[in-house]
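First comes the structure, then the notes that go with it.
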Amino acid sequence: MSIVSFIIVNWNGLPILAQCLESIQDSCAKIPHEVIVVDNGSTDGSLEHIIRNYPEV
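Heads up: take any position in the sequence shown, counting from 1, add 1, and you land on my numbering.
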């Protein structure tokens, strides 16, 4: 079976990043997938949010 890869580029986009990750989680619960977030030095707590809420990312 194929796996779907989501690659998200982020820089200080915590509100949108949070919505995006939640949407992927809700929509793809039964689909093999991976999520890769490329963060470009955010200072808005994006990294901390990912670590706290999505440790598998």
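Idealized CB from N, CA, C, for every residue including glycine.
Computed from a prediction, not measured in an experiment: that's the story for all the values here.
Provide the residue span of the alpha helix (DSSP H) that contains E23, from first to last. Residue range L15 to S28 is occupied by the alpha helix (DSSP H) that includes E23.
Using 10 angstroms around the beta-carbon of S6, count the other beta-carbons present and answer buried if the total reaches 16, otherwise exposed. Counting the other Cβ atoms within 10 Å of the Cβ of S6 gives fewer than 16, which makes it exposed.
Please return the same chain residues whose Cβ sits closer than 8 Å to the Cβ of I50, not counting the five positions on each side in sequence. Checking the displayed sequence, the identity of residue 50 turns out to be His instead of Ile. Answer for H50: L15, L18 and A19, listed in chain order.
Look up E49 in the DSSP assignment and say whether it is helix, strand or coil. Of the three classes helix, strand and coil, the one that applies to E49 here is helix, per DSSP.
What separation, rounded to the nearest whole angstrom, lies between the Cα atoms of Q26 and D40? Taking the straight line from one Cα to the other gives about 19 Å.
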